[in-house]
Structure formats: C-alpha cells, structure tokens
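In this note's numbering, the protein residues as written are 1 to 329. Notes for the one structure printed next.
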Amino acid sequence: MPVFEGLLPLRDDQIIADLLFECANWHALAKLRLHTDGELEHRHVKRFYVRTNKIRYVSQLASKNRNGFVIRKYRRHDHSFQPRREALRQEKDRKVAAQEALERAVPPTAASPTDNAVPASPPPFSRNARIRVYNWLAEHQNDPATQVWIRISSLLCERLSILDDNLFEHRIIRCNYTTYDMRRDQDSINARTHPDVMLRASSDDDSHPFVYARVLKILHADVCYTGPGATSTTRRWRPMEVLWVRWFEVDSTYDSGFQRRRLPRVQFVDVNNLDVVPFGFVDPEDVIRASYLMPAFDHGETNDLLGPSTLARRAVDEGADFLYHYVCM
C-alpha cells in the first residue's frame, strides 16, 4: 500500500488506500485456519484413550472426562491444594535463595572476579568474528551511534565484566514463535537483510501494544555480574546473547487501525532528543518475532534524526533514513 500513496489526488488517494486496506484484510482473513478456541479441545479427551480398553472407549472417555471435571471442581474450592509442578518450582526457588544467602554471608576471597579465567564450559557459539570493544570504539569514535553505546556501556560496566573485553558478532539469529493458527514457526533475523523486530511494549498504553527496533549487530560475550549483591554464582563466567538495536517510535499523530483503514506508522527515534534513547541492547528472548516495516516512500528521506553513520545505516540506505515506515499487520 505505501507504493500507491501520493500517486493520485488526495480524494482519490484516500479511496484507493481504503480499498487496498480492505482487500489486504480480506486476503488475510481467507488464510485463517483457526477460528475458535474449541478447535483443540479434542486433544484433552483423547489423552484418556490410553487408559481405556480400546473397545467401548466412547463411554469410557466420557466417564473419565466427567471425573476429571469433578476433581478440578473440588480442587478449585480446596485452597490448600497446590499442583505438584508449582510445589517443585517453589522448592527449587527456596534452595537457590538459601544458597545465595549463605554465599553472601561468607566474606569474598582475594581473587578478583574479573580475572581472565576461561569459562568452565565454552558456549556453542561461533567466535570467528571477534570485536575488541575499546579498539572498536576508538575506530568509530566519530560515529553518533557509538556515543550512545558509550553512555549505556559505562553504566553496564559498573555491574558487568566482559571476559577479555571481547564481543563476538554473528550474522543470523533465529526466533521461534507461535503463529495465529497455533503452529510453531521460526523467523531468521539478519542485520543486513531482515533486521527489523518487534517486542512487547513495557508501558500500559493500549493504543499500540508493541515496540519496534532495527537490529544493527547480533552479539554474544562471556560476562559475569559483579554489582551489588553479587554471589559466587553470579561471578561465574557465562555466555550472554544481546542485540544492539536502533529504536523506532510510534507516530502518535497518525490515526491507524482497522477502523481508520490505515497501517500503523513509525519513525526512528531522534538522536537529538535526550528524553528518549535512540539505541539500546535487547535480550533475544524478549523478541516476539521479526517485523516487516515498509518505507513510506511518499514522505521522502531525512538525515535530521541521525548524522552520518556507517554503523546505524546499511550501505543501501545511502546515508539517509526514510522519514516514516509502515508496520505490516
């Protein structure tokens, strides 16, 4: 739809935009395979099949299903009942808390937690593309993206130690997610070809429940926590994956949604706005899935949001950003 924006006079352009949105909506509805939550209900009953005599199983399935319903009903009224899985989880949490409390009571040894020790079990990550943090920052000291990196990393370094000050870059990271029809699928995120991702918004604003980011680098490092409350467990070197991203923000001045027949519109965070962080680090587990963001060609490009940067822009961007992007729903 963005490719049709602005091709016709305003009135005709709005009519065409409405028509295209409805066509895309009907096209998506035609592909839905799951229409009600009851589609998977048959699985619960079929689990009892192995407990029948396989002959008159219909009445036996109904009887066992009824018995299970009665038991669940009594359990809801029994406040002392606790599922076995929940009891095991709480027991594990108590043991971990007791162990950490014991470790905090023991005075720390003279050994420094930042000693260049090799991790006990090297992670199965590639270490071919190594980045020496301070050398890399010195090489890109004039890039505006590294200025934000320095501010963020200075706060992290007070609590985290990176083994040998080395980061390792990767080309691809894969994200597993559940589709709308209750199937498992996987997205491949590549910082050069498919870099956009979506995450759950942390704010309570229901106007748009997601936030979007462009992945600049896929990294991992061996780290240990040395901040307040550190224990011998947290001081052990362990691998940590992280995504270095450039944030988008939702254009709140633009009306979008199914009633407006318009796609949500986002734009890059202005690096000159000190109230919002334009770059950041993201845990890959917080990524819901890859996102398809379409440039708003009619609004043109700009470099006012970020100065010349070889780190925050791809070569195909030619030193400028599209002013807006549309979120494909």
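Cβ atoms here follow ideal geometry from the backbone N, Cα and C, with glycine treated the same way. Given the structure is predicted, the values throughout are model-derived calculations rather than measurements.
Taking C-alpha atoms, which residue in the options lies nearest to residue i?
{"i": "Cys-328", "options": "Asp-187, Arg-85, Leu-293, His-170", "result": "Leu-293"}
{"i": "Glu-285", "options": "Asn-176, Ile-15, Val-96, Phe-4", "result": "Asn-176"}
{"i": "His-325", "options": "Ile-71, Gly-227, Ala-17, Val-250", "result": "Val-250"}
{"i": "Met-198", "options": "Val-133, Asp-164, Val-282", "result": "Val-282"}
{"i": "Tyr-180", "options": "Tyr-134, Phe-69, Ala-30", "result": "Ala-30"}
{"i": "Asn-25", "options": "Ala-315, Ile-288, Ala-320, Arg-262", "result": "Arg-262"}
{"i": "Phe-248", "options": "Phe-258, Asp-222, Tyr-254, Val-211", "result": "Val-211"}
{"i": "Phe-279", "options": "Ala-97, Leu-243, Gln-259, Asp-255", "result": "Leu-243"}
{"i": "Leu-20", "options": "Phe-4, Leu-32, Arg-11", "result": "Phe-4"}
Hey, could you find the ends of the beta strand (DSSP E) residue i is sitting in?
{"i": "Tyr-177", "result": "172-178"}
{"i": "Arg-262", "result": "It is not in any beta strand (DSSP E) - Arg-262 carries neither H nor E in the DSSP assignment."}
{"i": "Met-294", "result": "293-295"}
{"i": "Gly-280", "result": "279-282"}
{"i": "Asn-190", "result": "184-190"}
{"i": "Ser-161", "result": "160-162"}
{"i": "Ala-290", "result": "287-290"}
{"i": "Tyr-324", "result": "From DSSP, Tyr-324 is part of no beta strand (DSSP E); its letter is neither H nor E."}
Have a look at residue i and residue j and give me their C-alpha separation to the nearest angstrom.
{"i": "Pro-113", "j": "Arg-238", "result": "Its pLDDT being 42, under 50, Pro-113 is placed unreliably in this model, and the value from its coordinates should be taken loosely. Each residue's Cα considered, the two are about 13 Å apart."}
{"i": "Arg-246", "j": "Ser-203", "result": "19 Å"}
{"i": "Met-240", "j": "Ser-161", "result": "12 Å"}
{"i": "His-79", "j": "Arg-66", "result": "22 Å"}
{"i": "Lys-73", "j": "Lys-64", "result": "14 Å"}
{"i": "Thr-193", "j": "Arg-94", "result": "46 Å"}
{"i": "Arg-11", "j": "Asp-298", "result": "16 Å"}
{"i": "Asn-128", "j": "Trp-136", "result": "16 Å"}
{"i": "Gly-6", "j": "Val-316", "result": "24 Å"}
{"i": "Ala-97", "j": "Arg-84", "result": "20 Å"}
{"i": "Glu-22", "j": "Pro-295", "result": "20 Å"}
{"i": "Ala-290", "j": "Thr-178", "result": "12 Å"}
Assuming residue i and residue j are in contact, meaning their beta carbons sit under 8 Å apart, how far apart are those beta carbons, in whole angstroms?
{"i": "Leu-306", "j": "Val-271", "result": "5 Å"}
{"i": "Tyr-254", "j": "Arg-265", "result": "4 Å"}
{"i": "Ile-131", "j": "Leu-167", "result": "4 Å"}
What residues are listed by DSSP as bridge partners for residue i?
{"i": "Tyr-49", "result": "Per DSSP, none; premise fails for Tyr-49."}
{"i": "Tyr-212", "result": "Met-198"}
{"i": "Ser-167", "result": "Residue 167 is actually Leu in this sequence, not Ser. BP columns for Leu-167 point to Ile-131."}
{"i": "Pro-239", "result": "Asp-222"}
Alpha helix (DSSP H) containing residue i: first to last residue?
{"i": "Ile-347", "result": "With the chain covering only 1 through 329, there is no way to say anything about residue 347."}
{"i": "Arg-56", "result": "Counting along the chain, Arg-56 falls outside any alpha helix (DSSP H), and DSSP gives it neither H nor E."}
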